[in-house]
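Let me begin by presenting the structure, written as structure tokens, before commenting on it.
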Amino acid sequence: MAKRTPAAKTSPKPAASAPAGDAERTLHLTLLRSMLLQRRFEERCAEAYAIGRIGGFCHLYIGQEAVSTGTLSHLRPDDYMITTYRDHGQALARGITPRAVMAELFGRIDGCAGGKGGSMHMFDKATGFLGGHGIVGGHLPIATGVGFAIKYRGGDQVICCFFGEAAVNNGAFHEALNMAALWKLPVLFIIENNRYGMGTSVERASAINDIYERAASYSMHRAMVDGQDVLAVRSAIEEAVGRARTDQSPTLLEMRTYRFMGHSMSDAASGTYRSKAELDEYLKRDPIALLRAHMEARGTLTEQVMQDMDTEIKAIVQDAWDFAEASPEPPLEALMEHVYVDTTSDTGNTAGAWS
Ligand SMILES: Cc1ncc(C[n+]2csc(CCOP(=O)(O)OP(=O)(O)O)c2C)c(N)n1
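Numbering follows the numbering used here, with no gaps: position 139 of the sequence shown is 141.
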């Protein structure tokens, strides 16, 4: 039987007469706060990069915050996630502290990967954040492997695997999906379709535009989701997580989103491959503005509350910056630590290994 969900998922609109309750207000404020933290944090990342505090590659997530927030707000603490190099926002949304993320970006010892991973390689065992990966599509088979490990151990956790739409043209995508479907593994494959792989539009790279339909090859549950609408993301994730926990079957979700910045800091403004008119059109669907408008219409957000939240978040980000700057660089002697795991000794040096 086809496991098809053809229509785009949009958030269920509350009945006009249904007043907003406390639970709704609390949830929406939490979602708004998460997205705003990512936005303000990354605005400072751009600044830190420009003055040389952050080196190497740096890919901002600005514009895509509804995907991380809507997805990760629904996971349990013992679930897992794995992602690409565009990982700062997701690290924050998963609960890694702004201090640990900023220190990592600054290459300092208090960073979540000890300052050795940097922008593209956030990692945090405590929150089940299994990386930040730089090879496009390379982490999808790892996600399938984690799904296998969960099932083998008899757990009911899930793993969420985020990747860009360009990764679906990579062989690893197909191998990972096939095996996850064949063995019924609790993996949520989440395509963040922001329309461009560096400067190449999805239309120029993919034979089909409805990318979620690729899951048909593996008879896998699938859906397209409005990735700018955090509530739509949450409801799609709720359904997929429920299926993964009870039935241990995987899902492919295509979240239609857009990055407001360039691919990386090397084309920070917008890039030459898209028009300003296109960017302006997508800016009208800023995920933060959309939730804000929704809450104002529901009577659950005032201008004052929004301003206070913004002020508080800016202070948190400044604190993260100050903390990162005060943190030392890793010592030279630590250069070769955490490169290999010693599997030969009796005790086994498993420092840094995932258990
Ligand atoms: C296997 C591989 N090929 C090429 C690259 C170079 N590369 C880095 S990012 C990127 C574009 C990826 O786009 P997408 O997957 O859509 O993610 P986005 O950057 O839009 O988040 C490419 C081709 C790479 N890192 N890995």
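Think of the CB as a built atom: it goes at the ideal place given N, C-alpha and C, for glycine as much as any other residue.
Around the beta carbon of L337, fewer than 16 other beta carbons sit within 10 angstroms, so the residue counts as exposed. Every unbroken stretch of the beta strand (DSSP E) spanning 3 or more residues and falling wholly within the region 168–217 is given here in chain order: 189–195. Counting along the chain, D324 sits inside no beta strand (DSSP E); it lies in the alpha helix (DSSP H) bounded by residues 305–328. Counting along the chain, the unbroken alpha helix (DSSP H) around F43 starts and ends at 24–52.
Rounded to whole angstroms, A238 and M122 show a C-alpha spacing of 27 Å. With 16 or more neighbouring CB atoms inside 10 Å of its own CB, P188 falls in the buried class. Residue pairing from DSSP places M226 in a beta bridge opposite E256. Of the residues R27, E106, N196, the one whose Cα lies closest to the Cα of D324 is E106.
Rounded to the nearest whole angstrom, the C-alpha separation of R155 and E283 is 47 Å. Sixteen is the threshold: when 16 or more other Cβ atoms of the shown chains lie within 10 Å of the Cβ of G65, as they do, the residue is buried. In this structure E331 is exposed. Its beta-carbon is surrounded by fewer than 16 other beta-carbon atoms within 10 angstroms.
Annotation for I64: no beta strand (DSSP E) segment contains it, and DSSP assigns it neither H nor E. Going by C-alpha positions, Y63 is about 37 Å away from T345. Counting the other Cβ atoms within 10 Å of the Cβ of R206 gives fewer than 16, which makes it exposed. According to the DSSP secondary-structure assignment, F131 is paired through a beta bridge with M83, D126. Of all alpha-carbon atoms in G57, R35, E26, H61, the one lying nearest the alpha-carbon of M200 is that of H61. Using a 10 angstroms sphere on the CB of Y82, the tally of other CB atoms reaches 16 or more, which defines it as buried. Contact annotation: the region 93–109 does not touch the region 167–177, with fewer than three C-beta pairs closer than 8 Å. Counting every other CB atom within 10 Å of its CB across the protein chains shown gives R46 a total of 16 or more, marking it as buried. Contact between G134 and Y87 is confirmed by a C-beta separation of about 6 Å, below the 8 Å threshold. DSSP, reduced to helix, strand and coil, places G244 within a helical segment of the structure shown.
In the structure shown, the three-state DSSP call for G166 is strand. For D344, the secondary structure class from DSSP, reduced to helix, strand or coil, is strand. Using a cutoff of 7 Å, the CB of V138 counts as near ligand 1, since one of the ligand's heavy atoms is closer than that.
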